[in-house]
Amino acid sequence: MIIELEKVSKSYINANSVFRNVIEDISLQINSKDAIAITGPSGCGKSTLLNILGTLDRPTSGIVKIDDEDISRLNELKSAEIRNRKIGFVFQLHHLLPQLNLLENILLPTLILKDKKLKDSAHSRAIDLLKIVGLADKTHQYPGQLSGGECQRTAVVRALINKPEIILADEPTGSLDQESAEQIGNLLLNINKEQRVALVIVTHSIELANKMDVIYKLSKGKLVK
Numbered sequence: 374m375i376i377e378l379e380k381v382s383k384s385y386i387n388a389n390s391v392f393r394n395v396i397e398d399i400s401l402q403i404n405s406k407d408a409i410a411i412t413g414p415s416g417c418g419k420s421t422l423l424n425i426l427g428t429l430d431r432p433t434s435g436i437v438k439i440d441d442e443d444i445s446r447l448n449e450l451k452s453a454e455i456r457n458r459k460i461g462f463v464f465q466l467h468h469l470l471p472q473l474n475l476l477e478n479i480l481l482p483t484l485i486l487k488d489k490k491l492k493d494s495a496h497s498r499a500i501d502l503l504k505i506v507g508l509a510d511k512t513h514q515y516p517g518q519l520s521g522g523e524c525q526r527t528a529v530v531r532a533l534i535n536k537p538e539i540i541l542a543d544e545p546t547g548s549l550d551q552e553s554a555e556q557i558g559n560l561l562l563n564i565n566k567e568q569r570v571a572l573v574i575v576t577h578s579i580e581l582a583n584k585m586d587v588i589y590k591l592s593k594g595k596l597v598k
């Protein structure tokens, strides 16, 4: 098991001092090779749930375990180390740095690696991954020279560079045209199946959700399979 949520809830008090329970008493297990879609209306807490899974946010109550380790007991530095080593993120916007070429953008997450062997092999791994996504001939181009779909494929490679156990994708096709969205969806699934990387996607796209092995709907704070 890679990530496990045990009765996780998250609440906020907004600027008007109104209490809001975003997610409530959610338990979820994510295993190696799982391909999971999380759907639901805008504002229902899907991104909040994904951020808790990725240790970018902490729950108000409940336990989050990564490889059976309770991360709520860890400080932010230790959490960041686990996040960088075990989790790859793909967002709706690619967030590539415009002043860096594709290869430099991809290698950014490796700069803080403590695993010397993984760090030393990062360059060749990046080249191999760029070949897989069809961008081997654009290694030294800059984001501004590429299409949206090409930038998003680069973001997927960046998410994979540290050999994560799981990819968390938040609306990864939301800003793309239909053809590019189809390519990104198929790419993420191929990675899930061929490289045995677990995949959790938050999406409004029914087409993308239907490609996953399991679909959950988040509604009124509850996660329903």
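Everything in the sequence shown is counted per my numbering, starting at 374 for the first residue and increasing by one.
All residues carry an ideal CB built from backbone N, CA and C; glycine is no exception.
ALA499 is positioned such that its CB atom lies closer than 8 angstroms to that of VAL530. With at least 16 other beta carbons inside 10 angstroms of its own, ARG526 counts as buried. Judged by DSSP secondary structure, ILE403 falls within the beta strand (DSSP E) whose first and last residues are 392–403. In the DSSP assignment, LYS490 falls within the unbroken alpha helix (DSSP H) covering 489–493.
In the three-state DSSP reduction, LYS566 falls in the helix class (H, G or I).
By the neighbour-count criterion, in which a residue is buried when 16 or more other Cβ atoms sit within 10 angstroms of its Cβ, TYR589 is buried.
For LEU423, the uninterrupted alpha helix (DSSP H) segment begins and ends at 419–426. For LYS383, the enclosing beta strand (DSSP E) starts and ends at 376–386. Contact annotation: ILE409 and VAL573 have beta-carbon atoms nearer than 8 angstroms. If you ignore the 5 residues before and after THR412, its C-beta comes within less than 6 angstroms of the C-beta of ALA582 and LYS590, all in its own chain and listed in chain order. Spanning the alpha carbons of LEU401 and GLN551 requires a straight line of approximately 31 angstroms.
DSSP lists LEU591 as the beta-bridge partner residues of LEU596. HIS577 and LEU476 have their alpha carbons spaced roughly 30 angstroms apart. Rounded to whole angstroms, the gap between the alpha carbons of LYS595 and THR428 is 20 angstroms. Just measuring C-alpha positions, the residue of ALA388, ASN404 and ASN389 sitting nearest ASP586 is ASN404. Under the three-pair Cβ rule at 8 angstroms, the region 540–558 does not count as touching the region 380–395. Between the alpha carbons of GLU379 and ILE425 lies a distance of about 12 angstroms.
Secondary structure of GLY547 (DSSP, three-state): coil. Here the C-alpha atom of ILE436 lies approximately 18 angstroms from the C-alpha atom of GLY418.
One Cα belongs to LYS511, the other to ILE485, and the distance between them is close to 25 angstroms.
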